[in-house]
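Okay, so here's the structure we're looking at.
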Amino acid sequence: MDKLQGLRGMVDLLPEQVLLWQWIENKARQHFHRASIQEIRTPIIEPTELFSRGIGEATDVVGKEMYTFCDRGERNCTLRPEGTASIVRATIEHNLLSKGPQRLWYSGPMFRYERPQAGRQRQFHQLGLEYLGFKDPRSDAETITVAWDLLIDLGLKNLNLEINSLGNLNDRIVYRNHLVKWLEERKDYLDQTSQARLYTNPLRILDSKDPKTQEILKETPVLIDLICPESRERLERVKAELSNAGVPFTVNPKLVRGLDYYCHTAFEITSHQLGAQSTICGGGRYDGLIEELGGKPTPAIGWALGMERLMLLLSNSQPNCELSQKDIFIVSRGEKAESLAMAISRKLRKANFIVENDLSGSAFAKQLKRADRSNAHWIILIGDDEATKGEVIIKTNKREGEAQTDKQNIKIDNLLNRLKILSNTNH
RNA sequence: GCGGGCGUCGCCAAGUGGUUAAGGCAGCGGCUUGUGGCGCCGCUAUUCGGGGGUUCGAAUCCCCUCGCUCGCCCCA
Numbered sequence: 024m025d026k027l028q029g030l031r032g033m034v035d036l037l038p039e040q041v042l043l044w045q046w047i048e049n050k051a052r053q054h055f056h057r058a059s060i061q062e063i064r065t066p067i068i069e070p071t072e073l074f075s076r077g078i079g080e081a082t083d084v085v086g087k088e089m090y091t092f093c094d095r096g097e098r099n100c101t102l103r104p105e106g107t108a109s110i111v112r113a114t115i116e117h118n119l120l121s122k123g124p125q126r127l128w129y130s131g132p133m134f135r136y137e138r139p140q141a142g143r144q145r146q147f148h149q150l151g152l153e154y155l156g157f158k159d160p161r162s163d164a165e166t167i168t169v170a171w172d173l174l175i176d177l178g179l180k181n182l183n184l185e186i187n188s189l190g191n192l193n194d195r196i197v198y199r200n201h202l203v204k205w206l207e208e209r210k211d212y213l214d215q216t217s218q219a220r221l222y223t224n225p226l227r228i229l230d231s232k233d234p235k236t237q238e239i240l241k242e243t244p245v246l247i248d249l250i251c252p253e254s255r256e257r258l259e260r261v262k263a264e265l266s267n268a269g270v271p272f273t274v275n276p277k278l279v280r281g282l283d284y285y286c287h288t289a290f291e292i293t294s295h296q297l298g299a300q301s302t303i304c305g306g307g308r309y310d311g312l313i314e315e316l317g318g319k320p321t322p323a324i325g326w327a328l329g330m331e332r333l334m335l336l337l338s339n340s341q342p343n344c345e346l347s348q349k350d351i352f353i354v355s356r357g358e359k360a361e362s363l364a365m366a367i368s369r370k371l372r373k374a375n376f377i378v379e380n381d382l383s384g385s386a387f388a389k390q391l392k393r394a395d396r397s398n399a400h401w402i403i404l405i406g407d408d409e410a411t412k413g414e415v416i417i418k419t420n421k422r423e424g425e426a427q428t429d430k431q432n433i434k435i436d437n438l439l440n441r442l443k444i445l446s447n448t449n450h
């Protein structure tokens, strides 16, 4: 019989890792809550068209990375490769903007069919933020600041924030022509992929990691010099607000993002400790997307951060999320005692104690060994003798250096009170 | 989709052509049929990701395949 395995690029989160995830999720929830940002949850399957129209037909994500299939009703479906399109769809579908601008956050699995590597999986998780109906440059600054503060609060160090302005649609068309013309004159010096990209997606050439291409790009005209006055003003204001907030950043004129919908402000937070996939959080403004998807023209900005990449950084610095502490470990042997242990464990749980009941039926010595390792504060021990007398033995778990511990017999009726007293004096 | 590295027990591993595949941790059982971190003893891979081939003989060599991993591409 062959061993069954999970699908390539799909990763299980084991109990130990889940603790860290929960810790992060709680932090994030606090930050969002305090910034008046509300959670939204949308399905992970959407009509394929939502993404092909929203993200852009020519992008890699849509072109070759989507999990697309037909359901039994012949609908063309896709597992979401990112969150923004879904949020926009839901916002339009339920007319949320009629109540005014929306500050929303989401988290959940995304799917992209790529070759897995460090910081990249086929199912991965994003935590994201969308400000819909916000036009003022302060909204750009606020979203970025929320991301920054969260990451700092999580204990991350050595982060780099880069921002850029992509201008408006017209700016990009003008710039694109400009850039293509300029690069055509130097075509022979470009690397293969960049040459191929010259007419399909020339802006992405700016991102090339090829050293020779990078050398040429040093001289290249940059979009930021050609953007419209409105966009320039916005960038200046965003910079000013970030400075006011004490958030360090650099302007990177070559920062372009892979999804078509971005305009004006674009930004990325990266860490060199991540390997090749160094972006931990990325986003930007998408003023045209809502209209593109059938809503009224509405400005918006948002970002997403990769949970797995965050975990990668956090597992180096091991934050202070402790293993769940246990209050009580119950050891029992014999049918009468075992039944009593069942009843007691339930009673104690109702009183909010964290209790593990040993169900192995193995010898006392074995069960006690397990109790020892369980990190429980107290051990309750029940044999048939005790069960018959209507009592249990309670001991404190051994600590380092202690040779012996007190044990005392207690009537079952007094157990709960006794434990309450003990837990008040003990910790 | 394209490159490089790797794949021996639940985990960490030794072994690089020759009779029964080290060791450690964890697990289980015992010493102690009912009282704990230690110790001692025992058990736990007919099999080296899978399939085929070379050979008298393969975990060790060759081919294919699957998986993991790192990088390219791209993105969070």
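Under the working numbering, the first residue of the first sequence carries the number 24, and numbering increases by one thereafter.
Built from N, CA and C at the ideal position, the CB exists for glycine as well.
Take Ile228, set aside five residues on each side of it, and the residues of its chain with a beta-carbon closer than 6 Å to its own are Ser217 and Arg220, in chain order. Counting of Cβ neighbours within 10 angstroms places Phe92 among the exposed residues, the total staying below 16. Tyr222 and Ala81 have their alpha carbons spaced roughly 12 Å apart. Judged by DSSP in its simplified three-state form, Lys412 adopts helix. Collapsing the DSSP output to three states places His117 in coil.
Here the stretch 255 to 266 makes no contact with the stretch 43 to 55; the two share fewer than three CB pairs at distances below 8 Å.
A distance below 8 Å separates the beta carbons of Phe352 and Asp381. Note on geometry: alpha-carbon atoms of Thr293 and Arg98 lie some 38 Å from one another. Under the rule that a run must span 3 or more residues, the beta strand (DSSP E) segments found entirely inside the stretch 118 to 206 read 125 to 134, 146 to 155 and 182 to 188.
By the beta-carbon neighbour count (other beta carbons within 10 angstroms, threshold 16), Asn420 is buried. His400: member of the beta strand (DSSP E) spanning Ala399 to Ile405, first to last residue.
Using a Cβ-Cβ distance cut-off of 8 Å, the stretch 121 to 131 and the stretch 60 to 69 are in contact, since at least three pairs of beta carbons, one from each stretch, lie closer than that value. A contact is defined here as three or more CB-CB pairs under 8 Å, and the stretch 361 to 379 fails this definition with respect to the stretch 329 to 338. Secondary structure at Lys392: helix, using DSSP grouped into helix, strand and coil. Ile405 is not a Cβ neighbour of Arg441, given a cutoff of 8 Å.
Ranked by Cα distance from Gly156, the first of Phe134, Ile186 and Asn118 is Asn118.
The beta-carbon separation of Thr101 and Thr71, rounded to 4 Å, stays under the 8 Å limit for a contact. In the three-state DSSP reduction, Glu69 falls in the strand class (E or B).
Nearest to Gly318 by alpha-carbon distance, out of Thr302, Leu120 and Pro234, is Leu120.
Residue environment: Ala141 is assigned as exposed (fewer than 16 neighbouring CB atoms within 10 Å of its CB, all protein chains considered). Contact fails between the stretch 206 to 213 and the stretch 313 to 328, because fewer than three Cβ pairs, one in each stretch, are under 8 Å apart. Counting along the chain, Asp350 sits inside the beta strand (DSSP E) bounded by residues Lys349 to Ser355. Leu177 and Cys286 have their C-alpha atoms roughly 29 Å apart.
When beta bridges are read from the DSSP output, Glu379 appears opposite Phe352.
Of Glu116, Glu242, Tyr136 and Arg95, the smallest CA-CA separation from Glu105 is found for Tyr136.
By the Cβ neighbour-count rule, His295 is exposed, with fewer than 16 other Cβ atoms within 10 Å of its own. Here the alpha carbon of Val354 sits roughly 27 Å from the alpha carbon of Leu37. Val111 places its beta carbon 8 Å or farther from that of Ile186.
Asp283 is the residue among Lys180, Asp283 and Ile239 whose C-alpha sits nearest the C-alpha of Arg195.
For Gly357 and Glu414, the gap between their C-alpha atoms comes out near 14 Å. Distance between Trp171 and Val270, taken at the CA atoms: about 7 Å. Secondary-structure assignment with DSSP links Gln61 through a beta bridge to Leu127. In this structure, the CA atom of Gln45 is about 45 Å from the CA atom of Gln215.
For Tyr90, the beta-bridge partners assigned by DSSP are Leu102. Between the alpha carbons of Gln348 and Arg393 lies a distance of about 15 Å.
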